[in-house]
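Here the structure comes first, spelled out in structure tokens, and everything after it is commentary.
Next comes the structure, spelled out in structure tokens:
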């Protein structure tokens, strides 16, 4: 089921002040215009993944002779699981949709559940957005669900929040080169990224120091 909720709703609400008036009116009244927003987002694969689990057949195998019917066929289907769903939900949905006892549906080994959604109301997110604003004046920070898998999932056992953000200016051409031919980062972008991470670590250190000072004062009272 497609829904505008959680981080996706937070993204729309964060972007609302920066869009033209008519679009802002729609974003500010999702209670009324959510069906319209859903319909528009469904038109793009990347934005559709913000609303629900997505599906993409990646391997289809059958016969190898033009004049012989194959005894069996096999397909591998990739699902980008929305945080609302689980792999069990997806498998149950597929079996119900196929409704054919002759077709078996089995998960591949190494299946991964959707990562938990980081808290966008806490101090960590506020610190991150503050540093983004200081490093890139005029830029609006908005939460966004990352549909692809990243190595950041390995941090999940040791922290409640993993914010998948890179301080790189990207255009449509850069996104299309991800994991492809001529993937690159400009020298200017690299310099800005280094400066951002320095500023972020300094801000985190200051925040930790303030928390320690507060704890000492509490203990002295």
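Numbering (my numbering), first residue to last: 207 to 427. No residue lacks a Cβ here, since even glycine has one placed at the ideal position from N, Cα and C.
Simplified DSSP state of residue i, which is helix, strand or coil
| i | result |
| --- | --- |
| residue 427 | Any reading at residue 427 is ruled out, since the residue's pLDDT is 41, under 50, leaving its predicted position unreliable. |
| residue 286 | strand |
| residue 302 | helix |
| residue 266 | strand |
| residue 244 | helix |
| residue 214 | helix |
8 Å contact criterion, which residue i and residue j should meet: CB distance rounded
| i | j | result |
| --- | --- | --- |
| residue 369 | residue 341 | Not quite, the Cβ-Cβ distance comes to about 15 Å (not below 8 Å), so this is no contact. |
| residue 346 | residue 220 | 6 Å |
| residue 267 | residue 257 | So it is not a contact: roughly 31 Å between Cβ atoms. |
| residue 337 | residue 406 | 5 Å |
| residue 313 | residue 297 | 6 Å |
| residue 216 | residue 309 | Not a contact, Cβ separation roughly 39 Å. |
Spatial distance of residue i from residue j (CA atoms)
| i | j | result |
| --- | --- | --- |
| residue 329 | residue 218 | 21 Å |
| residue 271 | residue 293 | 35 Å |
| residue 307 | residue 301 | 9 Å |
| residue 319 | residue 356 | 13 Å |
| residue 282 | residue 415 | 51 Å |
| residue 393 | residue 295 | 45 Å |
| residue 359 | residue 384 | 19 Å |
Same chain, Cβ closer than 8 Å to residue i, neighbours up to 5 away in sequence not counted
| i | result |
| --- | --- |
| residue 284 | 261, 262, 263 and 264 |
Same chain only: Cβ atoms within 7 Å of residue i, ignoring 5 sequence neighbours per side
| i | result |
| --- | --- |
| residue 395 | 374 and 375 |
Every unbroken alpha helix (DSSP H) within the region 300-368, with a cutoff of 4 residues, ordered by chain
Complete alpha helix (DSSP H) runs here, min 4: 329-341.
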